[in-house]
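Quick notes on the structure that follows.
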Amino acid sequence: MNNTVNVNALIAFYEELSPASVARFPEFYADDAFFKDPFNEVRGVVSIEHIFTHMFRQLSEPRFVVRERVLAENGALLVWEMHFRRLLARGEGEAQLIRGASHLKFDAAGKVVWHRDYWDAAEELYEKLSGIGWLMRFLKKKLAA
């Protein structure tokens with residue numbers, strides 16, 4: 001199987017990700033795969049599954065939409081949007097959107113061995129929180145040219 005087929009299958013997996021399908025991560029990730037995002041740094045497909053299981057517990061209606069892909073011989077870059085609603089004590093919050101990118105590296109079998117997510121937690125998340133959002137927006141304004 002070539003990288004294009006692997007990436008297409010991986011994109012379909014992420015765009016259809018659900019609490020039930022989290023168990024399918026071993027189909028796409030090597031046993032000792034590395035994963036890093038602004039909140040997590042783990043090794044092992046079981047730990048990666050845990051991150052996404054936790055996501056479904058903390059957020060309402062999380063879903064990924066891949067907007068672009070750049071393929072390399074042994075890797076890919078996926079540009080995506082994550083849509084979700086925060087779960088609040090009073091119910092669901094407003095619809096949220098995080099824009100980011102995933103840098104992926106594949107092993108000889110075509111499984112992901114390295115996954116690094118890049119997205120701006122300050123702009124995409126913290127600025128939108130009622131408790132610290134004002135501070136993040138103030139700092140951004142002060143530091144802007």
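In the UniProt record's numbering, the protein residues as written are 1 to 145.
Just so you know, even glycine gets a beta-carbon here, dropped at the ideal spot from N, CA and C.
The segment 60-70 makes no contact with the segment 31-44: fewer than 3 CB pairs, one atom from each, lie closer than 8 Å. In the structure shown, Pro26 adopts helical secondary structure according to DSSP, grouped into three states. Two segments are said to touch when three or more pairs of C-beta atoms, one from each, lie closer than 8 Å; by this definition the segment 102-109 does not touch the segment 17-29. Remark: C-beta atoms of Tyr14 and Phe64 approach each other more closely than 9 Å. Comparing alpha-carbon positions, the option among Leu78, Ala72, Met82 lying closest to Phe52 turns out to be Met82.
Ser60 sits in a strand when the DSSP states are folded into three classes.
DSSP places Ser18 in the coil class of the three-state scheme, outside both helix and strand. Your pair Phe34 and Leu59 does not check out as a contact, with CB atoms roughly 23 Å apart and the cut at 8 Å. In the three-state scheme derived from DSSP, where H, G and I count as helix and E and B as strand, Ala108 is classed as coil. A distance below 7 Å between beta-carbons, with the five flanking residues on each side excluded, links Asp32 to the following residues of its chain, in chain order: Arg43, Gly44. In this structure, Gly100 keeps its C-beta atom at 9 Å or more from the C-beta atom of Val113. With fewer than 16 neighbouring CB atoms inside 10 Å of its own CB, Asn8 falls in the exposed class. For Glu73, there is no enclosing beta strand (DSSP E), as DSSP marks it with neither H nor E. A residue is called buried when at least 16 other Cβ atoms come within 10 angstroms of its Cβ; Ala76 meets this threshold and is buried.
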